[in-house]
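Numbering (this note's numbering), first residue to last: 210 to 530.
We put the beta carbon where it would ideally sit given N, CA and C, even for glycine.
As structure tokens, then:
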């Protein structure tokens, strides 16, 4: 049916204004996307120019003064695996004020200033996964909190109660996987791997996809963000997943992946064949040193975007007998 404006060759000003706004919105979105692609391309080109696609220099060692001096008080709180623990659960007020009594052979006990290692040793009695040389203890003076950060390759199974709490946080939002695949596809165009972590923030009850500072190359990724920076940004966060890409290669774990992905209870995922419309993906969890890795079903790890049926009359579909 021809409307009255077309009949008399007139212009509907309201319709034209609406169409102009839609065109401006589409143009703005296209320009924003193009700018993002351009910025990402610059980063990739800069990485290739400085480091090359095959080799990357070793990350500089973190500065020794990057952490605050270990001086907790009676109000200090320990953040570990989503729990907030009073430091007085592990040290008496006297020990906090004067230091720990340490006895050496054939000598009288003397007070020594508290250290992160002393706290780790005390906590290990209750949390056996806090193995020496595989645990970082970071004191953040401004927040008056201590953040316990698990390094790779700790020995011993994690506490079952906390493991149950962690499992209740799955499946993870599919949108986070979608975002990482978009990033992996872009770096995959240049045969570069990329790494990300997914955290659950206990203070806001939200999930976060984090891209830490890293150096990437064709067959390896090196996270260069210091443990102090990570502890400061995610003092209220629980890391639930480490994920990285294998660009055009299959998502099969490499020997290097098997060596580094060994934190009990942690989930790991790999995205491969990023040139495909739907990339391939594998997921697993490290149980302990005795059992090793356990394969995970992707539907247990991430929400599926295909669970809700569209609003169509499906009665028209007849199943043949």
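Taking 8 Å as the cut-off, the Cβ atoms of residue 450 and residue 381 count as close. A direct Cα-Cα distance of roughly 11 Å separates residue 378 from residue 448.
Assignment of beta-bridge partners to residue 406 by DSSP yields 419, 451. By the criterion of at least three beta-carbon pairs nearer than 8 Å, the segment 336–346 is not in contact with the segment 413–433. If you compare the alpha carbons of 280, 384, 294 with that of residue 351, the shortest gap goes to 280. If you draw a straight line from the Cα of residue 466 to the Cα of residue 330, it comes to about 29 Å. Contact check for residue 478 against residue 491 passes: the beta carbons are separated by less than 8 Å. For residue 387, the uninterrupted alpha helix (DSSP H) run begins and ends at 383–397, by DSSP.
It is roughly 33 Å from the alpha-carbon of residue 240 to the alpha-carbon of residue 410. Where residue 464 is concerned, the enclosing alpha helix (DSSP H) starts and stops at 464–469. Under a 10 Å Cβ-count criterion, residue 437 is classified as buried, with 16 or more other Cβ atoms of the shown protein chains found around its own Cβ. No Cβ-Cβ contact shorter than 8 Å links residue 288 with residue 340.
Fewer than three pairs of CB atoms, one per stretch, sit closer than 8 Å, so the segment 385–399 makes no contact with the segment 316–327.
With a contact defined as Cβ atoms closer than 8 Å, residue 454 and residue 433 miss out at about 18 Å. Checking the DSSP bridge columns, you'll see residue 481 partnered with 489. DSSP places residue 431 inside the beta strand (DSSP E), whose first and last residues are 430–432.
DSSP, read as helix, strand or coil, puts residue 230 in helix.
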